[in-house]
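Mapping of the sequence shown onto the numbering used here: position 572 corresponds to residue 657, and the numbering continues sequentially without gaps.
Glycine is no exception: its CB is placed at the ideal position from the N, C-alpha and C atoms.
Below: one structure, written as C-alpha cells.
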Amino acid sequence: MRKTQQQRLDTSRDTEAAGAAAAQSLSGWDAVLEIGTEEMPARFAAGLIRQAEEGCYRLLADAHVESGGVKCYTTPRRIIVAITGLAPKQAPLEVELRGPAARIAYDAEGKPTRALEGFARSAGVSVDSVERRTTEAGEYVFARKTEEGRPTIEVLAEIFPKLIDAFSFPKAMRWGSNDFRFGRPIRWILALMGEDMVEFSYHNIASGRVTYGHRTLAPGPAVVPSSWDLPRVLEAAGVVYDPARRAERIVEEARSLAEGLGGQPVISDELLDEVVNLVEWPTAFSGRFDARYLELPEPCVTTPMVNHQRYFPVRDAGGRLMNAFIGVRNGGTRSIDVVRAGNERVLAARLADAEFFFKEDMAVPLMARVDELKGVMFQEKLGSMYDKALRIGKLASELVGGTPMAALVDVAALMAKADLVTSMVREFTELQGVMGREYALRQGVEPVVAEAIFEHYLPRFADDRAPESPLGAALSVADKVDSIVGYFGIGMIPSGSADPYALRRQAAGVLGVYGKARYVLGLDALVARAAELYADSGVLAPDQVDSVVGQVMEFIGTRLRVAMEEAGIRYDIADAAIAAGIGRPACTWERAWAVTQVAHEPWFAALATAASRVRNIAAHAETAQFTPSLFEERAEHALYKAMHDLESEIRTSVDSRRSGFVDRKAYVSALERMSLIVPPINQYFDAVLVMAKDQKLRSNRLGMLKALHSVLSLVVDLSKIVFASASE
86 MRKTQQQRLD TSRDTEAAGA AAAQSLSGWD AVLEIGTEEM PARFAAGLIR
136 QAEEGCYRLL ADAHVESGGV KCYTTPRRII VAITGLAPKQ APLEVELRGP
186 AARIAYDAEG KPTRALEGFA RSAGVSVDSV ERRTTEAGEY VFARKTEEGR
236 PTIEVLAEIF PKLIDAFSFP KAMRWGSNDF RFGRPIRWIL ALMGEDMVEF
286 SYHNIASGRV TYGHRTLAPG PAVVPSSWDL PRVLEAAGVV YDPARRAERI
336 VEEARSLAEG LGGQPVISDE LLDEVVNLVE WPTAFSGRFD ARYLELPEPC
386 VTTPMVNHQR YFPVRDAGGR LMNAFIGVRN GGTRSIDVVR AGNERVLAAR
436 LADAEFFFKE DMAVPLMARV DELKGVMFQE KLGSMYDKAL RIGKLASELV
486 GGTPMAALVD VAALMAKADL VTSMVREFTE LQGVMGREYA LRQGVEPVVA
536 EAIFEHYLPR FADDRAPESP LGAALSVADK VDSIVGYFGI GMIPSGSADP
586 YALRRQAAGV LGVYGKARYV LGLDALVARA AELYADSGVL APDQVDSVVG
636 QVMEFIGTRL RVAMEEAGIR YDIADAAIAA GIGRPACTWE RAWAVTQVAH
686 EPWFAALATA ASRVRNIAAH AETAQFTPSL FEERAEHALY KAMHDLESEI
736 RTSVDSRRSG FVDRKAYVSA LERMSLIVPP INQYFDAVLV MAKDQKLRSN
786 RLGMLKALHS VLSLVVDLSK IVFASASE
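Right, here's the structure in full:
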C-alpha cells in the first residue's frame, strides 16, 4: 500500500520537474551569482535572502546599472542571486569636473589661458562650454560632460565580490588557510551574464560556469551554458532551488501521505520553514510508532517528534493525535522503506525515554521537588532557583494582595520552577512549565495553580499569548521583573544586538501583561520592590537601589517606545507619553492615543507651543519653589490661579491610583481643559519680564514657571511634541 502511494508521488514529481524545467528555461535570469557552500544552518536562510536582495539592489543602483528585479533563492548548499531585466551597460553618467580658478583660467582681457585650454582638452570638452561659478573657495571653472557607461558585465565583476563580502551571519567561520569568514566554507562560485562568464576572484576562489548538483543524487560538476539555463541545470541535478517550491512539494506530499493514513498533518510555519531549508530535493515519507505512547501527555510525544526529529505529527478527523508522523528526506525515493524504518527506530527510542521519564517523575509530587531547586543555579551572583522562587512569590503577592489569589501565590511561586528538576524537563528543556502544569494536574494540585505554573512563562516569544489567569499573570510579571532587575544589578545589561538573557523580550512581556492586568500597584513600585529584595540578600548595596531602578525603568521605557512606533504612534508622541511616566503602561498607551487623536487640532498646537515656551525658560530655574506674595504684576496672579485650578482638576480627572487605569477619553478631556491656560500663559509673557534684574524676583518667576511646567506635563510632556509634525 505504501509503495503504491509512493510510486504515485514519484510520477507526480517527475511530471512537475519536467514542467518546471521547461518553464525555468525561460527564466529571464539575465545574470546570476551562485555561491556554493557546505550545508548552512536552516536559520540562516531568511537573513541571507534579505541581505542578498537588498544588497544587490543597492550595489546596482550605486553603479547606475538598471535592472528589472533581484531575487535570491537559497538551499542548504547554495545562495543564488538572480537579476532580471538587466541593462547591457551602465546608464550614461553626467559628471562635473572642477578646473582651475577663474583668475588662472582667463587673462586680464577675459581670454582663455593655456591652463583653461589644457583643462578643456583633458576633460574632452570645448573651451566655450566651460562654466564660471562662484563657490565658497572662490570663482572656478567647471566642465560638464556625459560619460558612456561601462559594459554591465565589467561592473558585475566588481559588484559580485562586494555582495559576497557584505553577507553577515549569526555565526561565521574561517576554514583552511583563508583569512576571511563566511557562514560555511565556500566550495564554488558561479557567475554568469547571459552566455558570458563574469570573471573575478574572491579570496582566491575563482568564479566560473560550473555548479554542483544534489550531494547524493547528482554530486558531480555540471556546466551551465548561460544564466538563463541555471534553473534547468539545477532541476536536472536534483536541486529544487526555490524554497517556495520546496515548501509546496512538502505540504502536498505530507497531506497526501497523511490522508492515506486517515488523518491530516500538523504543519506549523516554523517547522515547515526549517525543513524547507534542510533539503534540496524533498521527499516526504510516513512512519508509525507504538500506539501505547499516545497515553503519554501529548507534549511528551510531539516535542521529540517536532523539535528533535523535525517530523510533522498527524491528527485524525476529530483532532486527536495519531500514532503516525510525516518525515522529509533530502533525496529521492530510492530505499525509502529503509529510511522510514530508521526514522521509526529513532523516534521509538525517544518516546521510550519520554515514557520512562514521565513514570519516574510522576512518582514524586511536584511540591516535594521544591527543595531540589536549591541545587539549581539561576545565576551565580543572583542565587539559586529556590531563591528566585521566593522572590517571585513576594513580588507576585504585591500584585494580587487583597484578592482571592493571595492565599495561593506563595505555593504557586514555589511550584512554578519545580519541574526544572524533573527528568522530562532536563531532557526536553522546552517543556518547562508545560510538564509542571501536567504533573500538577495529575497529582491533584488546584487547577488554578497548575495553570499558573504554565502561564508564568508566557509570553515566550513575539506574538505569543499573554497569561489569562490572574495568578499566572502575576507570576509572569514577577518572574520577568526579578530577572531584569537582577541582571541589571550585576551589570549584565543588553548592549547593541547582544541580549544573551533575552531581557528585551522579557521587558516586552512585562509591558504586555501589565497593560492587560491593569494592576493598581505601579510598575515602577514593583521594580523598586524587586531591587529592595536583591538589596536584602546582599546582591545590591543599599545605595545602588535607586540607580538600578532608574536604569530598569528607562530600559522598559525604550521597549515601550518601540512597541508604540510599531503600532503607528508618532515617535514624538511616544516620547511625550513615556516622559510622563510608565508606572501604568496601559495608561501610557491611552495617553499616547489621546494625543494622537487631538494632534491636528489648532488648540493642541497652541497648547504645545505654550508648553514649549514655558519649558525653555523654566530650564533656568534651580527649583520649583516660589512665593505668591512676591508677585508684582496682575498677569502673575492670573496665571498662578489658572495653574492652581488646572492642577487640581487634572490630578482628579486622571488619577489612576485607585483603579489602575484611565482611558483615553479622560486624557483627551484633560488636554482640552489644559488648553484653557494658553491665554493666561501668553498674557503672562507679554506683561512680565521673567529674567528681571532683581535676583529675588527672577528666581520667584522662574520657580513658578518650573512648577507650571510640571502641571503641563501631568498628561504628557508637551514640550517633546514636534510642532511641525503636530500641525501637519
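Cα separation between residue i and residue j?
i, j, result
"residue 408", "residue 670", "46 Å"
"residue 303", "residue 413", "19 Å"
"residue 692", "residue 358", "52 Å"
"residue 378", "residue 447", "16 Å"
"residue 209", "residue 146", "26 Å"
"residue 436", "residue 125", "29 Å"
"residue 648", "residue 703", "31 Å"
"residue 106", "residue 320", "In this prediction, residue 106 scores a pLDDT of 43, lower than 50, which makes its location untrustworthy; the coordinate-derived value is nonetheless stated afterwards. Whole-angstrom Cα-Cα distance: 6 Å."
"residue 194", "residue 201", "14 Å"
"residue 531", "residue 730", "52 Å"
"residue 473", "residue 389", "29 Å"
"residue 766", "residue 699", "8 Å"
"residue 509", "residue 515", "10 Å"
"residue 450", "residue 571", "30 Å"
"residue 792", "residue 526", "57 Å"
"residue 457", "residue 582", "35 Å"
"residue 418", "residue 323", "12 Å"
"residue 609", "residue 666", "9 Å"
Measuring CB to CB, does residue i end up less than 8 Å from residue j?
i, j, result
"residue 478", "residue 494", "yes"
"residue 424", "residue 365", "no"
"residue 429", "residue 373", "yes"
"residue 500", "residue 461", "no"
"residue 837", "residue 152", "No answer is possible for residue 837: it lies beyond the span of the chain, which begins at 86 and ends at 813."
"residue 269", "residue 122", "yes"
"residue 544", "residue 607", "no"
"residue 186", "residue 223", "yes"
"residue 827", "residue 616", "Look at the range of the chain in this structure, 86 to 813, and you will see that residue 827 is not part of it."
"residue 624", "residue 466", "yes"
"residue 117", "residue 166", "yes"
"residue 751", "residue 739", "yes"
"residue 381", "residue 441", "no"
Given a threshold of 16 other Cβ atoms within 10 Å of its Cβ, counted over all protein chains shown, does residue i qualify as buried or as exposed?
i, result
"residue 701", "exposed"
"residue 561", "buried"
"residue 260", "exposed"
"residue 196", "exposed"
"residue 564", "buried"
"residue 229", "exposed"
"residue 798", "buried"
"residue 476", "buried"
"residue 488", "exposed"
"residue 795", "exposed"
"residue 262", "exposed"
"residue 426", "exposed"
"residue 119", "buried"
"residue 675", "buried"
"residue 656", "exposed"
What are the start and end residues of the alpha helix (DSSP H) that includes residue i?
i, result
"residue 642", "630-651"
"residue 254", "Per DSSP, residue 254 belongs to no alpha helix (DSSP H) and is neither H nor E."
"residue 198", "No alpha helix (DSSP H) contains residue 198, which DSSP labels as neither H nor E."
"residue 532", "532-540"
"residue 514", "Counting along the chain, residue 514 falls outside any alpha helix (DSSP H), and DSSP gives it neither H nor E."
"residue 586", "Per DSSP, residue 586 belongs to no alpha helix (DSSP H) and is neither H nor E."
"residue 488", "That residue, residue 488, is in no alpha helix (DSSP H); it is neither H nor E in DSSP."
"residue 569", "555-574"
"residue 705", "First-last for residue 705: undefined, no H or E at that position."
"residue 621", "608-621"
"residue 781", "780-797"
Which residue marks the beginning of the beta strand (DSSP E) containing residue i, and which one marks its end?
i, result
"residue 230", "223-232"
"residue 464", "462-464"
"residue 216", "216-220"
For the stretch 354-415, list the alpha helix (DSSP H) runs that are entirely contained and at least 4 residues long, ordered along the chain.
Runs found: 354-361, 383-388.
List in chain order: all unbroken beta strand (DSSP E) runs of 3+ residues lying wholly within the stretch 262-342.
Qualifying beta strand (DSSP E) stretches, in chain order: 271-278, 290-293, 295-297, 306-308.
Please give the ranges of any beta strand (DSSP E) in the stretch 121-195, keeping only runs that are unbroken, at least 3 residues long and fully inside the region.
Qualifying beta strand (DSSP E) stretches, in chain order: 154-160, 163-169, 178-186.
I'd like the ranges of any alpha helix (DSSP H) spanning at least 4 consecutive residues and lying wholly in the stretch 708-761.
DSSP runs (the alpha helix (DSSP H)) wholly in the stretch 708-761: 719-738, 749-759.
Mind listing, in chain order, the continuous alpha helix (DSSP H) runs of no fewer than 4 residues lying wholly within the stretch 656-685?
You should have 656-664, 670-683.
Segments of 3+ residues assigned as beta strand (DSSP E) that fall wholly inside the stretch 442-480:
Counting only runs of at least 3 residues, the stretch 442-480 fully encloses the following beta strand (DSSP E) elements, listed from N- to C-terminal order: 462-464.
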